[in-house]
Amino acid sequence: MNSPHPTTATPLPATPIPATPVLATRLPAVGTTVFTRMSALAVEHGAVNLGQGFPDFACDPKLVDLVTEAMRAGHNQYPPMTGAPVLRQAIADKVAALYGHAYDVNAEITVTAGATQALTTAILCAVHPGDEVIVIEPAYDAYMPAVELAGGTVIPVQMALGDAGYHVPWDRVQAAVGAKTRLIVVNTPHNPTGSILRAADLDALAAIVQGTDILVLSDEVYEHMVYDGQPHASVSRHPVLAARSFVVSSFGKTYHTTGWKIGYVAAPAPLMVEFRKVHQYNVFSVNAPMQHGIAAYMADPAPYRDLPAFYQKKRDLFRAGLAGSRFELLPADGTYFQCVRYGAISDMPEAAFAEWLTSEIKVAAIPVSAFYRQATESGIVRFCFAKRDDTLGQALERLARI
C-alpha cells in the first residue's frame, strides 16, 4: 500500500537571487571621512591618535553619578520633544549670564542629539531647493552635505591666513552674497584652525545681513575653549545677529562626553518653530537621564568657567613641546586643535604627510586640506591636544625626532 505522505519532497524550481536595486546617491562627493580613515590607520600602526577630536580622559565622576541618579529616579522614558524643562532652563540661564541674551525657555531652546544633529536640522529647515549657503572654508565636514541634502548650493569662501593666523575676509563674504543667499554658516572658535571671531567680526557679519532675509547658523561648540583671557564672541551677544541666528553648542565638548551626543540650539521663536518641525521627525527626543544629569551638573558653573584654563594649559604644553621642532606653530586662540606648517620637513601633499606621520612617526594628524570642498594644499596639518599629559608627552617625544 502506498503511503499518502511521500518520503521525498518535490524540489522547487530554482529561483535566481534578485540583484540589489541601484540607489542613486544623494551625496556623490561624499565617501568615508578622513577622521575614520586616520583613526583606523592610527590603530593599524599603533600611533598616538592626535587626529580625531575627542579626549582620552574621563569626564567628572560627579556627572556620571548625577546621570545614574536620574535613571534611578525614573527619568527613563521619552522626555519632551523640545528637551527636559530643567535642562532648557539651565541653558537659558547660562546664556543670559554669559552673553546677555534672554532666550525664552519654552519657545527658543531645543535640546538635540549632539551638535551635528542640531546643525543638520537647522540647515534642513532653513534651506530650500535653489537656495545658496555661504560656508567659510576650511569647514567642519558636516555642513556641506547637509546643504546638499536640503537641495541648496554651497558657496565656499576661503579664510585668509596671515601672520596673526586665520581670519574671515568679510569683503569676500560680502562679494559672495547674491539674490539666492539664504544662510551664512560661521564657526567660532573655529575647527580646524583654532581661530576665533571677535567683536569686530560680529559687526562685519551684521553689516552684511542687516536689511536682508539672510539667516545665520553659528556653530559654537567650542564656546568654552577661548584662551589668553579673550571673550567668546557668541552671536547671541549681538542683537542684530541674535534676531536671525541659530546658535548651536555641545555638552559633549564642554563636559568631555562626546559619546553622549547631547547638544542644543537657541534661536528666535519664529525660527525655532520651523526647526522643531524637522527635529520632531528626525530624532524627536533626546536621552532623558543624561538631560536630567547634565541639568543638575550645570547648577555649578565652575566646570565650564574653568575649562579655558584647563585646555590652555594643555595647549601651552603642546606648543612648548613643538617650539624647538621643525614644525611651524600657527596661532591657536581657541578649540582644542593646534595647526602647524610642515614645509621645513617635507614637500609632500597634506594627506600623504599625515599618513607618513601616522605610519612612520606613529603620531596621527589630520590634513587641513580635508576641510575644503576642493582640496586646497597649504602644507598644514591639525593636531588635537585634548589628551592626557602623558599622551601628549609621548606624541611630542616622537614628533621631536623628526
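Residues 56 to 457, numbered by our numbering, are exactly what the sequence shown covers, in order. Ideal Cβ positions, reconstructed from N, Cα and C, are used throughout, including at glycine.
Q) In the DSSP assignment, what are the bridge partners of serine 304? A) Looking at the DSSP output, serine 304 bridges to Tyr319.
**Q.** For proline 200, the three-state DSSP class (helix, strand or coil)
**A.** In the three-state scheme derived from DSSP, where H, G and I count as helix and E and B as strand, proline 200 is classed as helix.
Q. Does DSSP put threonine 165 in a helix, in a strand, or in coil?
A. Secondary structure of threonine 165 (DSSP, three-state): strand.
(Q) Just to check my reading of the structure: threonine 462 and aspartate 115 have Cβ atoms closer than 8 angstroms, yes? What is that Cβ distance to the nearest angstrom? (A) Because residue 462 is not part of the residues shown, which for the chain are 56 to 457, the question remains open.
Q) How big is the Cα-Cα spacing for glutamate 203 and glycine 318? A) Spanning the two alpha carbons is a distance of roughly 23 angstroms.
Q. If serine 250 sits next to aspartate 388, beta carbons under 8 angstroms apart, how far is it from one beta carbon to the other, in whole angstroms?
A. 6 angstroms between Cβ atoms; contact.
Q. With distances taken from CA atoms, which of Lys417, Glu432 and Cys439 is nearest isoleucine 457?
A. Considering only alpha carbons, the answer is Lys417.
Q. What are the boundary residues of the alpha helix (DSSP H) that includes tyrosine 221?
A. Careful: tyrosine 221 lies outside any alpha helix (DSSP H), inside the beta strand (DSSP E) at 220-222.
Q. Pairing CB atoms from the stretch 101-111 with CB atoms from the stretch 418-427, are three or more of them under 8 angstroms?
A. Touching, per the Cβ criterion.
Q: Just the C-alpha distance for arginine 381 and methionine 199, rounded to the nearest angstrom, thanks.
A: Annotation: arginine 381 to methionine 199 spans about 34 angstroms, alpha carbon to alpha carbon.
Q. What residues match up with aspartate 274 in a beta bridge as DSSP calls it?
A. BP columns for aspartate 274 point to Asn242 and Val303.
Q: Please work out which residues of its chain come closer than 7 angstroms, Cβ to Cβ, to serine 289, disregarding the five sequence neighbours upstream and downstream, and give them in chain order.
A: Close CB contacts of serine 289 within its chain, under the 7 angstroms cut and outside five residues either way in sequence, are with Tyr154, Glu275, Glu278 and Val302 (chain order).
**Q.** Which listed residue (Glu405, Ala162 and Met126) has its alpha carbon closest to that of valine 89
**A.** By alpha-carbon distance to valine 89, the top candidate from Glu405, Ala162 and Met126 is Glu405.
Q) In terms of alpha-carbon separation, which member of Val150, Pro363, Pro83 and Tyr133 lies closest to asparagine 342? A) Of the candidates Val150, Pro363, Pro83 and Tyr133, the one whose C-alpha sits nearest the C-alpha of asparagine 342 is Tyr133.
Q) Going straight from the alpha carbon of alanine 259 to that of leucine 252, what length do you get? A) Taking C-alpha positions only, alanine 259 is separated from leucine 252 by approximately 11 angstroms.
**Q.** Residues of its chain near valine 150, where Cβ-Cβ distance is below 7 angstroms and the 5 sequence neighbours each way are ignored
**A.** Closer than 7 angstroms at Cβ, skipping near neighbours: His156, Tyr158, Ser291 and Ala321.
Q: Go through its chain and collect everything with a Cβ distance to alanine 297's Cβ below 7 angstroms, but skip five positions before and after it.
A: Excluding the 5 residues flanking it on each side, alanine 297 has same chain C-beta neighbours closer than 7 angstroms at His156, Val290 and Ser291, in chain order.
Q: Would you list the one or two residues that DSSP bridges to glutamate 383?
A: Glutamate 383 pairs with Arg396.
Q) Counting along the chain, where does the beta strand (DSSP E) carrying cysteine 439 start and finish? A) Cysteine 439 -> beta strand (DSSP E) spans 435-439.
(Q) I'd like to check one pair, phenylalanine 392 with arginine 437: are the Cβ atoms closer than 7 angstroms? (A) In contact: arginine 437 and phenylalanine 392 (Cβ atoms closer than 7 angstroms).
Q: Could you check what DSSP says for glutamine 429 in three-state terms: helix, strand or coil?
A: Three-state DSSP puts glutamine 429 in coil, outside helix and strand.
Q: For the stretch 132-146 and the stretch 159-166, state whether three or more C-beta atom pairs, one from each stretch, are separated by less than 8 angstroms.
A: Counting Cβ pairs under 8 angstroms, three or more are found: they touch.
Q. For glutamine 213, which of helix, strand or coil comes out of DSSP?
A. In the structure shown, glutamine 213 falls within a strand segment according to DSSP collapsed to helix, strand and coil.
Q | Residue from Thr390, Ala219, Thr165 and Glu410 with nearest C-alpha to proline 323 | A | Each of Thr390, Ala219, Thr165 and Glu410 was checked against the Cα of proline 323, and the nearest Cα belongs to Thr165.
**Q.** Rounded separation between glutamate 410 and lysine 368 - CA only
**A.** Taking the straight line joining both Cα atoms gives about 28 angstroms.
Q: Give the straight-line distance between the Cα atoms of histidine 222 and alanine 215, rounded to the nearest whole angstrom.
A: Roughly 5 angstroms between the two C-alpha positions.
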